[in-house]
Amino acid sequence: MKSSLQCLRLSIMSNVMERELLTMLVWALLLEIFVLYYFISSSKTWRFEFQYTVFLFIITFIGIILVILRIYRRLRPLPYP
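Letter by letter, the sequence shown follows residues 1 to 81 in this note's numbering.
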């Protein structure tokens, strides 16, 4: 059986990993927005790179939403019976 110290350590590591993952995903989303702006402003939306960037933008956005929902579920107060 896990001790309370091990559970606390795992909980802290999980929180740190989620924050790091969220930070990386937000930076990736910002860079993808800049790249999409470049492609749209230069009228190169027909290129494969533009379509790939749109795909990555969608995947990154979904990843951010999933991480935020996971953090929210953990921090949400439990209802009283």
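Ideal Cβ placement from N, Cα and C applies to all residues, glycine included.
Please go through the same chain and pick out, in chain order, the residues whose beta-carbon is closer than 7 Å to the beta-carbon of residue i, but skip the five residues on each side of it.
i	result
L21	V67
F61	L29
Grab me the residues of residue i's own chain with a C-beta within less than 6 Å of its C-beta, minus the 5 sequence neighbours each way, in chain order.
i	result
V35	T53
From what residue to what residue does the alpha helix (DSSP H) around residue i run?
i	result
T60	F48 to L75
Would you mind giving the Cβ-Cβ distance between residue i and residue j, rounded to the nearest angstrom? I have them listed as a contact below 8 Å.
i	j	result
I71	E18	6 Å
G63	L30	With a Cβ gap of about 14 Å, G63 and L30 do not count as contacting.
F48	F39	Not really, about 11 Å apart at Cβ, beyond 8 Å.
Which residues in the same chain have their Cβ closer than 8 Å to the Cβ of residue i, if we skip the five residues on either side of it in sequence?
i	result
L56	A28 and E32
T45	F39
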